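Counting in my numbering, the sequence shown runs from -4 upward without gaps. The structure under discussion appears below in the form of structure tokens.
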Amino acid sequence: MSRVTKTHPRAESLRIRERLVDGFKYGLVVPDGLTAHGRGEAFDYILGERTSKSARKAIEAAVAEMLLAKHPVISVNGNVAALVPAEIVELAKLVEAKIEVNLFHGSKKREVAIAKYLRKHGAEEILGVYFKFSTWIPEINSNRRKVDRRGIVASDVVLIPLEDGDRADALRRLGKRIIAIDLNPMSRTARAADIAIVDNITRSLPLMIETAKGLSQKPREELRKISEKFDNRGNLKASLRFMLERLENLSRE
Ligand code: ATP
Ligand code: MG
């Protein structure tokens, strides 16, 4: 049961915070995850806490690519698990993606807690948890990153919600197509991605599920067209303009 009053003007935002704080108590989320969420919230405030037209376009292209991919993988960290566990599992089923636990602040205990939490929400196979399938890829800041040979290593398309810029870059250098979900259109992650969805993960995941239900009925040729016509740079500029226009309007009210 939520502790937030229904009539509070920021009720939805506070309920999302509650989920993260609960995630922290269950050992899914680390303190850094709480502060990273705060950075996201600030951008969401500017967006007016709704999904822009450019985010919808990115969502469509992202789902098309995941459906076209041979080995799509969804990378899950503590915040993602705390915020949208059931949605991750449902999307993975719809686009036939593998789910891999992949943490910036890695710890065996937290990996296992996240995998358990995802299983509770209907996941069957969770990668990234068994040492015998682990390997390491080079990274700039944190030096090495652990990945699963059956997951990210073998993947062609990776969905990385709420990811750090160095890690996004590292995956890109491995030749993967990268789909990011990041409220900050200026972050290195959003710019390194092939497709960046500038939206709150709590809104974009349900929209991705809806979109996957629709697009999975379409011919591959149509999906290819959707993916080819997407331009990440142009779309990020549109997201920034959306924020700018909203601030302009607010400043005139
Ligand atoms: P980068 O490393 O990409 O330059 P950063 O260092 O500013 O970005 P990180 O802490 O590495 O940020 O990653 C967290 C990112 O996740 C932030 O850009 C933040 O906007 C985003 N974020 C946090 N919470 C959410 C959320 N609920 N939905 C979408 N994005 C979020
Ligand atoms: Mg970072």
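Glycine included, each C-beta is placed from N, C-alpha and C at the ideal position. Predicted model only: the values in this text are computed from it and were never measured.
Between which two residues does the beta strand (DSSP E) carrying R139 extend? Note, R139: beta strand (DSSP E), 139 to 143.
Check whether the Cβ of G35 lies closer than 6 angstroms to any heavy atom of the ligand MG, and answer yes or no. No, Cβ of G35 sits at least 6 angstroms from all heavy atoms of the ligand MG.
Any residue with its Cβ nearer than 6 angstroms to a heavy atom of the ligand MG should be included. What is that list in chain order? One residue after another in chain order, those with a Cβ under 6 angstroms from a heavy atom of the ligand MG are D159, G160.
Once you ignore the five residues that flank R38 on each side, which residues in its own chain have a CB closer than 7 angstroms to its CB? The sequence given here places Phe at residue 38; Arg does not occur at that position. These residues qualify, in order along the chain: L178, N179.
Where A57 falls, given that 16 or more other Cβ within 10 Å makes a residue buried: With 16 or more other Cβ atoms within 10 Å, it is buried.
For the stretch 2 to 55, list the alpha helix (DSSP H) runs that are entirely contained and at least 4 residues long, ordered along the chain. With a minimum length of 4 residues, the continuous alpha helix (DSSP H) runs that stay inside the stretch 2 to 55 are 6 to 20, 26 to 42.
Is DSSP giving L157 helix, strand or coil here? L157 sits in coil when the DSSP states are folded into three classes, being neither helix nor strand.
Quick one: using the 10 Å Cβ neighbour count with 16 as the cut-off for buried, is N97 buried or exposed? Buried, because 16 or more other Cβ atoms sit within 10 Å of the Cβ of N97.
Pick from R228, F225, V124, F99: whose alpha carbon is nearest that of R145? It is V124.
Do P80 and Y40 have their beta-carbon atoms positioned less than 7 angstroms apart in this structure? Taking 7 angstroms as the Cβ cut-off, Y40 and P80 do not qualify as a contacting pair.
Where do the ends of the beta strand (DSSP E) carrying R219 lie? Per DSSP, R219 is not a residue of any beta strand (DSSP E); the alpha helix (DSSP H) it occupies stretches across 215 to 223.
Validate contact between the stretch 152 to 169 and the stretch 66 to 74 using beta carbons, cut 8 angstroms, 3 pairs: Counting Cβ pairs under 8 angstroms, three or more are found: they touch.
Have a look at A108, D161, L166, E60 and flag the residue whose alpha-carbon is nearest the alpha-carbon of S211. It is E60.
What separation, rounded to the nearest whole angstrom, lies between the Cα atoms of I121 and K220? About 32 angstroms.
Inter-stretch contact (C-beta, 8 angstroms, three-pair minimum) for the stretch 185 to 195 and the stretch 101 to 117: With the cut-off at 8 angstroms, the stretch 185 to 195 and the stretch 101 to 117 do not touch.
Helix, strand or coil: which one does DSSP assign to R(-2)? For R(-2), the secondary structure class from DSSP, reduced to helix, strand or coil, is coil.
Of the residues V84, L23, L63, which one's Cα is nearest the Cα of R114? When only C-alpha atoms are compared, the closest one is V84.
Check this for me: beta carbons of R14 and L89, under 7 angstroms apart or not? No, the Cβ-Cβ distance between R14 and L89 is not below 7 angstroms.
Say yes only if the C-beta of S182 is nearer than 6 angstroms to one or more non-hydrogen atoms of the ligand ATP, and no if none qualify. Checking the Cβ of S182 against the ligand ATP gives yes.
Separation of G18 from H32, as counted between CA atoms: Each residue's alpha carbon lies about 12 angstroms from the other.
So, with DSSP's three-state summary, where would you put P180? Under the three-state reduction of DSSP, P180 is assigned to coil, being neither helix nor strand.
Express the C-alpha separation of I173 and L166 in angstroms, rounding to a whole number. L166 and I173: Cα-Cα distance of roughly 8 angstroms.
Using the DSSP secondary-structure output, state which residues sit across from R172 in a beta bridge. The partner list for R172 (beta bridge, DSSP) reads V152.
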